[in-house]
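To start, the structure under review is shown below, and the notes come after it.
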Amino acid sequence: MRCILAVVVIVASVGWSASATAQLRIVNYNVNVSDPAIPAVRAGMDNVLQAINASAKGGFARAIDVLILEEAESVATTGTAYAALLNTVTVGTSYLRSTVDAGSTGSGRPIAIYNSSSVSLIGEKKIGSTSGTASQPRQTMRYQFRPVGYDTTADFYVYASHYKASTGAANEAERNVEARAIRADADAIGQGASIIYAGDFNLYSSSESGFQTLTGTGNGQAFDPISRVGSWSGSSTYKDVHTQSPATTAVFNGQVLGGVDDRFDFQLITEEVRDGGGFDYVSGSYWAFGNTGTHLINQAISTGSAATLAARLPGYTTSQAQTVLTNLTKVTDHLPVVADYQLPAKMTASLVAPPARVIRGATVSGTLTVSNSAPVAVAAGADRLQYAFAGTGGFASSGTGSDAAMGAGTMHLLTLSTTLAGLRSGTVSVTASSLQAMNPTFSGTVSTTVLDHAVGSFASAATTTSLTIDFGTLIRGGAGGSEAFAVFNRPATSGTAWTARLDLDGVSSPAPAGVFSTTLAPFANLLSGSSRPYAVSMATALTGTFSSLFTLSLSDEDLPGATAQQLALTARGSVIAPVSGDTNLDALIDVLDVASILDGGRYNSGRAADWAEGDFNADRIVDMLDMADFLSTGLFDQGDYRFRLGGQGQSIDWTDGGGATLGLMPAVSVPEPTTQLALWAAVGAMLRVVRRGRT
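According to this note's numbering, the stretch in the sequence shown is residues 1305 to 1999, in order.
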């Protein structure tokens, strides 16, 4: 809504701009236009209605929502004219008139004009009779209104009356007849009805029987919202609540003069409209409009302080306020009574579900937001919302809360239990305790899937968190080792369907560099029951005994409650220098090596040679010294020489899941002396053949 100050400045010049919000302003006004021969609206009334719209005595400005008129000629004439006038001076509204004319024996009748953007007219009823033994000069009209956007619980009734005028016992008795008819009808509505008794009561004192009837006990008992009961007429004690007559000089025929000295015009309310909840009177908002208590008793209202009035009309200058006071002396012979009423609270609640999938042990909550969505322009325009909530099922939360209108709402975090895997659901119910609250109940259910933690493992049958792969002894420069392994996501005890997916977030880089390597790489969302294959390799560039620990950093998939875990992969092995004669570096000295020397053709050639061609002493030539080294090992045709030298073959040790050892080389026997002699003979013959072939 626009700033009130800015709006009022516009009001003072062109018209009031009303929003769609709807705390209510109710006005009753005796306009003295019952004569069909006179205009339905006198000059200056537009200025008065604009100023009523701008009034902020109750703390905020508000365009008129319900205007009760007395001494109207008819709904067709006066009603139509005033609805049109209000639609002109109040931009963005749609004022309509009532449709039923009350019976009258003179001085017009009460009618209603209402802003259909904020209230709906639900019903109209005539009260009392203008004939018979209990006749009254004018029938009272009972209007049933409902704030827009609310249901029947927010309905309120306005009794629009113009009681018998003048002093004297007979006139007081007639006023009491009207009061009894009104109370009989109001009491019949039943206990708990929100009722406003408005109009020109023509009462001189609260001791009058008519006032006593209205305020007597019963369902429809009336109360003065400002508690200013007493003998009003001519008393300076009550000058600030007097409503007649604002004029001392006649401006039109039939205008009652005499200055301001009587409280004839009222809005009385039932207990339900002053109990602080639901549809309720806004404290401090009631006043006889234009009467700031600064005027001279029995003098025109225009003798009052324009500056004091301007203070109640934000945005008005003293000069503009003086114009309003002057117009109040011209447009009729009563002052209007203005009062503001708060709307019942209107509950809006929503429940935001926790994440659809979480992991056991996660702290997750559903978010309950409860707000007071009453359609008002200021917080004071609606009752405060009070409520309680309770959770069942997965929700264990309960509590109470409140929210003023126009607030951001109140959020409650409802913790959902995640101690067990499975589908978890919770229901929360909200109940408003504020009187007449609209949408007083709410219920919402949410659910989430709670998963068990992923189970990282090197084996599928059992949870294996560490694995050792032993490459045994490799030959420097020979073939490296490579072994396959896998990373599994094993089902948790709750089963595959309720087990979280597994992420591999990273792998540590072990030392020494350049010896061991793996194909491990980060992955995400490995399904339960699935695996990823990998390999670890050992290089043979360096001699020595090596061991490296690869730490696999694993975690649950990225969901609330995810935790980390680790797997440990150990790779170990030794690399030894090859034995003289092992030209192909296969840990065997056999005819293949002899063939390699012969094929090389480097023996006693003087040409540069390498290990594969028979240069075993690294002097870059192949000669008798190399053959001596070859023959001296005694390993020809004796199998894998690593066992004879104290080494071992390759093995894999599942240290966390069984300790099985794979790939160990079989033991070999020590060669017999006859085998060694045969070897020497063969090599000698071979060398002779080589020399003859070169001559």
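Note that beta-carbon positions come from the ideal geometry of N, C-alpha and C, so glycine has one too.
When Ala1828, Leu1639, Ile1486 are compared, the shortest CA-CA separation from Tyr1333 is found for Leu1639.
In the DSSP assignment, Asn1793 falls within the beta strand (DSSP E) that extends over 1785 to 1794. Straight-line spacing of the CA atoms in Ala1712 and Val1423 works out to 25 Å.
By alpha-carbon distance to Gly1782, the top candidate from Asn1829, Leu1892, Gln1571, Ile1773 is Leu1892. Burial is judged here by how many other beta carbons sit within 10 angstroms of a residue's own beta carbon; Gln1516 has fewer than 16 and is exposed. Counted as a single uninterrupted DSSP element, the alpha helix (DSSP H) harbouring Asn1631 occupies residues 1622 to 1632. When rounded, the separation of the alpha-carbon atoms in Ser1549 and Pro1451 is 33 Å. The Cβ neighbour count for Arg1794, taken over all protein chains shown within 10 Å, is at least 16; the residue is labelled buried. Ranked by Cα distance from Gln1740, the first of Thr1392, Val1577, Gly1848, Thr1596 is Val1577. Across the set Ala1683, Ala1344, Leu1672, Arg1728, the C-alpha of Leu1672 shows the shortest separation from the C-alpha of Gly1703.
Distance from the CA of Val1564 to the CA of Gly1453, rounded to the nearest whole angstrom, comes to 40 Å. Judged by DSSP in its simplified three-state form, Ala1922 adopts coil rather than helix or strand. The C-alpha of Leu1858 is placed about 6 Å away from the C-alpha of Gln1870.
The DSSP-derived three-state label of Gly1904 is helix.
A Cβ-Cβ distance of about 5 Å is found for the pair Ala1843 and Gly1784, placing them in contact under the 8 Å criterion. The residues Ala1725, Asp1756, in chain order, have a CB closer than 6 Å to that of Ser1798 in the same chain once the five nearest residues on each side in sequence are set aside.
Counting every other CB atom within 10 Å of its CB across the protein chains shown gives Asp1774 a total of 16 or more, marking it as buried. The continuous beta strand (DSSP E) containing Ser1729 extends over residues 1726 to 1736. In this structure Gln1525 touches Glu1575 by the C-beta definition: roughly 7 Å separates them, less than 8 Å. Its chain contains Ala1758, Val1791, Asn1793, Arg1805, Leu1806, Asp1807, Leu1808, Arg1836 as the residues whose beta carbon lies nearer than 8 Å to that of Leu1830, once the 5 sequence neighbours on both sides are disregarded; these appear in chain order. Here Pro1648 is buried: its Cβ has 16 or more other Cβ atoms, across all protein chains shown, within 10 Å.
Where Val1352 is concerned, the enclosing alpha helix (DSSP H) starts and stops at 1349 to 1358. The closest CA to that of Thr1823, considering only Ala1815, Ser1832, Gly1810, is found on Gly1810.
The three-state reading of DSSP puts Arg1366 in coil, since its state is none of H, G, I, E or B. The beta-carbon separation of Thr1849 and Ala1881, rounded to 13 Å, does not stay under the 8 Å limit for a contact.
Taking the Cα positions, Ala1913 is about 25 Å away from Asp1944. Taken atom to atom, the span from the alpha-carbon of Ser1851 to that of Thr1768 is near 20 Å.
The Cβ-Cβ distance between Leu1689 and Ser1706 falls below 8 Å.
Secondary structure of Lys1543 (DSSP, three-state): helix.
Here Val1898 carries a helix assignment [DSSP, helix/strand/coil]. Excluding its 5 nearest sequence neighbours in each direction, Met1742 has C-beta neighbours in its own chain below 8 Å: Gly1453, Tyr1454, Asp1455, Thr1457, Ala1458, Pro1648, Ala1649, Lys1650, Met1651, Ala1678, listed in chain order. For Ile1486, the enclosing alpha helix (DSSP H) starts and ends at 1473 to 1493. Distance from the CA atom of Val1926 to the CA atom of Ser1786, rounded to whole angstroms, is 34 Å. Rounded to whole angstroms, the separation of the alpha carbons of Ser1537 and Asn1595 is 15 Å. Using a Cβ distance threshold of 8 Å, Thr1519 and Phe1527 count as a contacting pair.
Taking C-beta atoms under 8 Å as the contact rule, Leu1655 and Val1750 qualify, at a distance of about 6 Å.
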